[in-house]
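In the numbering used here, the protein residues as written are 642 to 1024. Just so you know, even glycine gets a beta-carbon here, dropped at the ideal spot from N, CA and C. Data first, discussion second: the structure below is written as structure tokens.
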Ligand SMILES: Cc1cc2nc3c(=O)[nH]c(=O)nc-3n(C[C@H](O)[C@H](O)[C@H](O)COP(=O)(O)OP(=O)(O)OC[C@H]3O[C@@H](n4cnc5c(N)ncnc54)[C@H](O)[C@@H]3O)c2cc1C
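Listed below in structure tokens is the structure:
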């Protein structure tokens, strides 16, 4: 069970990431225009080279795949440290987001997608949400029909796909019809950028500066060997990915960012101990909750229930803390010369992307009402 102390090796890597952030990333923060989420290419190339030289690349990827094997607890620790810069939003390019969905790749897909992605040579994007089918992801409509000639034909649209404009391939969820071998269900396809019939229609502006895309698929033929995992089984895979995102991708960023804001408030002397104390207490509670769930994930326990609790709690607490710190700094806190306003916009996104706040609460309530989880659950997986 999680004992509240990071393993020594993980703590060492977390400290190294913090030093790297202070030394290499914080000084570059002013290079990021207020409503952009990308640095000039030359800067990015230097940062990536530095991360690799420090051994900070791919640490949370399993050792069997050439990574550092730090697992979910390690992933939380690294990303918490990374969030001490507003440049955390470069994370998809910085080797701190393990491509977990691709762990289901077969041997050929492994060479073509998984390993190059781990090495940082190729990048994917996650295309699940459709208009009217985000919270209710099982309602997606994109059709993927076998053509009887070794291909599936994709027809439909996706929306809010992050990083689609710079990705080399998309992980596309589509509905496959019933077949002799399987019933109708949702299937995941690896679709290379540039495949005829696959088009980025437009990018959508957001308050965080990232610009997710709308995608269109029109008679887009994808070879059957680009099915990732089993036909009809992708919903389970998506749920596994969401559990990871909700514990180890969004919460550590929210918690790390809010912690930095609180530290800035303390060193600037803009708040009293009485004001800082309650914020720090709430942050610590969210942090402990996150690591406890990450520990369960590392122990291969089902964390769907905990994942929703962690995401909702960490985001709410972090938003509240950053909001308070903005207030303590007054007009300076509201402006772009301090990191709070960007963090606020970034964290606000977590109340929507990868499952809204309301949906997390719904999942928690459903788990309790259906008996998947108990109100006094302390350890173990789903009861
Ligand atoms: C910046 C950003 C990046 C994103 N990146 C990706 C990506 O890379 N890939 C991807 O596939 N998707 C992505 N998304 C999409 C995101 O996951 C969905 O928008 C989100 O899950 C909400 O789904 P929806 O759009 O259907 O909203 P809706 O379900 O229409 O939600 C609208 C409102 O209704 C509420 N609501 C809906 N159902 C219920 C209910 N049963 N009970 C109570 N309230 C409810 C919601 O909480 C919300 O407040 C991204 C979104 C954003 C904003």
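Rank the options by C-alpha distance to the C-alpha of residue i and give the top, closest one.
i, options, result
"residue 994", "883, 931, 907, 856", "883"
"residue 810", "651, 909, 831", "831"
"residue 684", "693, 774, 669, 697", "669"
"residue 876", "828, 687, 894", "828"
"residue 677", "1012, 989, 983", "983"
"residue 947", "719, 653, 1015", "1015"
"residue 799", "935, 642, 859", "859"
"residue 1001", "655, 776, 791, 868", "776"
"residue 679", "910, 734, 752, 783", "734"
"residue 759", "713, 704, 793", "704"
"residue 909", "915, 874, 969, 943", "969"
"residue 664", "674, 691, 914", "691"
"residue 833", "752, 867, 740", "867"
"residue 941", "925, 996, 999, 885", "885"
"residue 645", "820, 925, 1017", "925"
Report the three-state DSSP secondary structure of residue i (helix, strand or coil).
i, result
"residue 991", "coil"
"residue 839", "strand"
"residue 937", "helix"
"residue 928", "helix"
"residue 778", "helix"
"residue 745", "helix"
"residue 1011", "coil"
"residue 1033", "It is not possible to answer for residue 1033, since the shown part of the chain is limited to 642 through 1024."
"residue 916", "helix"
"residue 676", "coil"
"residue 784", "strand"
"residue 864", "strand"
"residue 833", "strand"
"residue 763", "coil"
"residue 859", "strand"
"residue 800", "strand"
"residue 944", "coil"
"residue 768", "strand"
"residue 951", "helix"
"residue 794", "strand"
"residue 666", "helix"
With a Cβ-Cβ cutoff of 8 Å, do residue i and residue j count as a contact?
i, j, result
"residue 912", "residue 906", "yes"
"residue 963", "residue 985", "yes"
"residue 887", "residue 952", "yes"
"residue 730", "residue 851", "yes"
"residue 806", "residue 781", "no"
"residue 738", "residue 896", "no"
"residue 766", "residue 808", "yes"
"residue 862", "residue 980", "no"
"residue 795", "residue 785", "yes"
"residue 992", "residue 954", "no"
"residue 727", "residue 662", "no"
"residue 990", "residue 849", "yes"
"residue 966", "residue 923", "no"
"residue 930", "residue 1005", "no"
"residue 716", "residue 825", "no"
"residue 643", "residue 718", "no"
"residue 945", "residue 880", "yes"
"residue 658", "residue 742", "no"
"residue 864", "residue 961", "no"
"residue 783", "residue 773", "no"
"residue 651", "residue 711", "yes"
"residue 939", "residue 714", "yes"
"residue 893", "residue 724", "yes"
"residue 814", "residue 769", "yes"
"residue 817", "residue 872", "yes"
"residue 812", "residue 755", "no"
"residue 804", "residue 764", "yes"
Sorry if obvious, but does the Cβ on residue i come closer than 7 Å to a heavy atom of ligand 3?
i, result
"residue 803", "Absence of ligand 3 from the depicted structure is noted, with ligand 1 being the only ligands included."
With burial defined as no fewer than 16 other Cβ atoms inside 10 Å of the residue's Cβ, what is the status of residue i: buried or exposed?
i, result
"residue 975", "exposed"
"residue 1008", "buried"
"residue 700", "buried"
"residue 1012", "exposed"
"residue 1049", "There is no way to answer for residue 1049, as the model of the chain reaches only from 642 to 1024."
"residue 987", "buried"
"residue 934", "buried"
"residue 853", "buried"
"residue 736", "buried"
"residue 681", "exposed"
"residue 674", "exposed"
"residue 672", "exposed"
"residue 686", "exposed"
"residue 928", "buried"
"residue 707", "exposed"
"residue 972", "exposed"
"residue 996", "buried"
State whether the stretch 744-763 contacts the stretch 918-925, with contact taken as three or more CB pairs (one from each stretch) at a distance under 8 Å.
no
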